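Residue numbers (my numbering), protein chains in the order written: chain W, 1038 to 1334; chain G, 76 to 358.
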């Protein structure tokens, strides 16, 4: 995550501080002096324990909350420069909340996906184009568009809900626990759709999750929050090379990372940064082969 | 005689306009008293439907269900049903949906109070239940101020206070963070050690790995059952049933597939041991 003024940065938190109910006896500090940059064309994961401030960041990014201090910059401009226009920001920063399928409400999937673009005041032709395009990205088939959302399976409903956000063509796509409750297949379909959207529209993607395993697989950069403060941030490879710090932040390291730590205790060093099964299998295979060759030599 | 017995259970959802959606087809299995069983399957496998049938929320279209040794059929009396509901407790997914009182100990006392037990007995049960789930010190707390994991413990304590023989956990950790989840897993284990039959319906294989036995559902059918080691080492089954196995097990399976005979394990500790052993044996 680079310098604040790098044009590669789509959206930036600059020294952001936030408290709920500020100035009252119920004041609760949620974020303290957070600076974070989210690049376009990259997936950034925000990890943290319950109460670490993850959800507050999500709410700040699309203007549901206003920082008490610091700024949120979208393409270098303060999103609160003109508070009356904050509604427009929400079209540019799309937010997929947790369990978004609970928010489907229209009679047909098509009407539901059209809702956002219609609120943007687009004409029917453009709306229709966007609905078909977003549905395709999310793997919602055309024949399902005229069905009731309630006839779909859980995974399909979730994809329809995400397509509804994508149809607004947000430049920043924020997803809060997008894979919660899904099986492996459902999970990879959702993340596949998000990556496709990102590439097609050069969007910046931000994923909030408890699951370090999902982060390991799909994120480029990771930020770790702890009690409202930024504990760690950087490239995925660098973050997973310091598993002790993740554990300190109350996070579960991916199981494969803790396996690698245990192997290291036993004198078998896999690599300095382990976070996926395939990579670990490659490294171990190489170690086994090396040992075989040493024996035969 | 088995404690829970399902014989050819079938169930379809009515979609209206004469349309039906099959959810379960000829599902049969048995669970012995005192076992710790996980029921797993991908989305749409029929887990949730089966959970609702086991909770007596849904009635199967056909087939026979025996719970706590009693066959559930049309001739069952209300008194028998009440008795079964006391003996087989359920903990649901969302803790907010199952807490009713404004004080933890009152919530836990709700069930035993409805059994019409003497106050002394209720007090004793609430105390034991609080200890069983590790909520000491939270007796007078307001449930709404607790974390998700703590709320879920209140719900378990409420069931425990009924002194059930069996507790069914229906995706009870799905809404919890990793720490809340670990707490609930530890409680399931300790309930099982107390002799309670524990059934955990889950899509998380790390949870299923803790059980004595795993039942696998796939597309509404009963696929198979086995120990965690049997299930997780069967790579064909995992693919067919769309299961996500623990990463450690996935790694040793992958190494074996590549021709390195490292054996099999489920936990990181176990797998690290196997890999080390294999590595040392190469020289």
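Glycine is no exception: its CB is placed at the ideal position from the N, C-alpha and C atoms. Treat the numbers as computed from the prediction; the structure is a model and nothing was measured.
Kindly indicate which three-state DSSP category residue i falls into: helix, strand or coil?
i	result
residue 1124 of chain W	helix
residue 236 of chain G	coil
residue 190 of chain G	coil
residue 1075 of chain W	strand
residue 108 of chain G	coil
residue 1085 of chain W	strand
residue 1336 of chain W	Nothing can be reported for residue 1336 of chain W: it is not among the residues displayed for chain W, which extend from 1038 to 1334.
residue 1061 of chain W	coil
residue 223 of chain G	helix
residue 1130 of chain W	strand
residue 121 of chain G	coil
residue 1251 of chain W	helix
residue 1199 of chain W	helix
residue 208 of chain G	helix
residue 1143 of chain W	coil
residue 318 of chain G	coil
residue 1276 of chain W	helix
residue 1194 of chain W	helix
residue 114 of chain G	strand
residue 157 of chain G	helix
residue 300 of chain G	strand
residue 1038 of chain W	Any reading at residue 1038 of chain W needs caution, since the residue's pLDDT is 45, under 50, leaving its predicted position unreliable; the model's value is listed next. Note: residue 1038 of chain W maps to coil in three-state DSSP.
residue 290 of chain G	strand
residue 258 of chain G	helix
residue 1289 of chain W	coil
residue 1181 of chain W	helix
DSSP has residue i in a bridge; who is on the other side?
i	result
residue 84 of chain G	G/102
residue 146 of chain G	G/141
residue 166 of chain G	G/244
residue 272 of chain G	G/241
residue 1080 of chain W	W/1242
residue 978 of chain W	The requested residue 978 of chain W does not occur in the structure, where chain W is confined to residues 1038 to 1334.
residue 79 of chain G	G/106, G/142
residue 96 of chain G	G/88
residue 1210 of chain W	W/1131, W/1242
residue 179 of chain G	Bridge partners of residue 179 of chain G: none, in fact.
residue 1049 of chain W	W/1074, W/1110
residue 1024 of chain W	A question about residue 1024 of chain W goes unanswered here, because the residues of chain W that appear run from 1038 up to 1334.
On the DSSP letters alone, give me the boundaries of the alpha helix (DSSP H) that residue i sits inside.
i	result
residue 1283 of chain W	1280 to 1285
residue 1173 of chain W	1161 to 1174
residue 136 of chain G	Neither: residue 136 of chain G is in no alpha helix (DSSP H) and is coded neither H nor E.
residue 1246 of chain W	It is not in any alpha helix (DSSP H) - residue 1246 of chain W instead sits in the beta strand (DSSP E) that spans 1241 to 1246.
residue 1322 of chain W	1314 to 1333
residue 1266 of chain W	Unbroken run through residue 1266 of chain W is the beta strand (DSSP E), 1266 to 1272; no alpha helix (DSSP H).
residue 307 of chain G	303 to 307
residue 334 of chain G	Careful: residue 334 of chain G lies outside any alpha helix (DSSP H) and carries neither H nor E.
residue 353 of chain G	343 to 356
residue 1092 of chain W	1091 to 1098
residue 281 of chain G	280 to 283
Could you check where the beta strand (DSSP E) with residue i kicks off and where it finishes?
i	result
residue 1258 of chain W	1258 to 1263
residue 295 of chain G	No beta strand (DSSP E) holds residue 295 of chain G; DSSP gives it neither H nor E.
residue 1216 of chain W	Here residue 1216 of chain W belongs to no beta strand (DSSP E), and DSSP marks it neither H nor E.
residue 1107 of chain W	1106 to 1111
residue 1188 of chain W	That residue, residue 1188 of chain W, is in no beta strand (DSSP E); it is neither H nor E in DSSP.
Please look up how many angstroms separate the CB atoms of residue i and residue j, rounded, as I've assumed it's under 8 Å.
i	j	result
residue 1138 of chain W	residue 1195 of chain W	5 Å
residue 1300 of chain W	residue 347 of chain G	5 Å
residue 290 of chain G	residue 114 of chain G	5 Å
residue 112 of chain G	residue 228 of chain G	Actually they are not in contact, since the Cβ atoms of residue 112 of chain G and residue 228 of chain G sit about 21 Å apart, beyond 8 Å.
residue 1153 of chain W	residue 1205 of chain W	4 Å
residue 1084 of chain W	residue 1296 of chain W	That pair is no contact at about 20 Å.
residue 280 of chain G	residue 320 of chain G	5 Å
residue 109 of chain G	residue 270 of chain G	6 Å
The segment 1213 to 1232 of chain W: which residues have C-beta closer than 7 Å to a C-beta of chain G, in chain order? Result list: 1218, 1219, 1220, 1221, 1222, 1223.
Below 9 Å between beta carbons is the criterion; list the residues of the segment 1313 to 1324 of chain W that meet it against any residue of chain G, in chain order. Within the segment 1313 to 1324 of chain W, the residues whose Cβ lies closer than 9 Å to some Cβ of chain G are 1313, 1314, 1315, 1317, 1318, 1321, 1322, 1324, listed in chain order.
What residues from the segment 340 to 351 of chain G come within 7 Å of chain W, judged by C-beta to C-beta, listed N to C? For the segment 340 to 351 of chain G, which is checked against every Cβ of chain W, the residues closer than 7 Å are 343, 344, 346, 347, 350, 351.
In the segment 1177 to 1194 of chain W, which residues sit with their C-beta less than 9 Å from some C-beta in chain G, listed in chain order? Contact annotation: in the segment 1177 to 1194 of chain W, residues whose CB is within less than 9 Å of a CB in chain G are 1188, 1190, 1191, 1192.
Could you run through the segment 1052 to 1078 of chain W and flag, in chain order, every residue whose CB is less than 9 Å away from some CB of chain G? The segment 1052 to 1078 of chain W vs chain G, Cβ under 9 Å: nothing.
Beta carbons nearer than 7 Å to chain W: which residues of the segment 207 to 239 of chain G have them? Within the segment 207 to 239 of chain G, the residues whose Cβ lies closer than 7 Å to any Cβ of chain W are, in chain order, 222.
Contact set between the segment 118 to 133 of chain G and chain W, restricted to residues whose Cβ is under 7 Å from the partner: Residues 118, 119.
Can you list, in chain order, the residues of the segment 286 to 312 of chain G whose Cβ is nearer than 8 Å to any Cβ on chain W? Listed by position, the residues of the segment 286 to 312 of chain G near chain W (Cβ gap below 8 Å) amount to none.
Please list, in chain order, the residues of the segment 1290 to 1310 of chain W that have any C-beta partner in chain G closer than 7 Å. Going along the segment 1290 to 1310 of chain W in chain order, one finds 1291, 1292, 1293, 1295, 1296, 1299, 1300, 1303, 1305 with a Cβ nearer than 7 Å to chain G.
Name the residues in the segment 1261 to 1292 of chain W whose C-beta lies less than 8 Å from a C-beta of chain G; which are they? If the cut-off is 8 Å between Cβ atoms, the segment 1261 to 1292 of chain W has 1287, 1288, 1289, 1291, 1292 near chain G.
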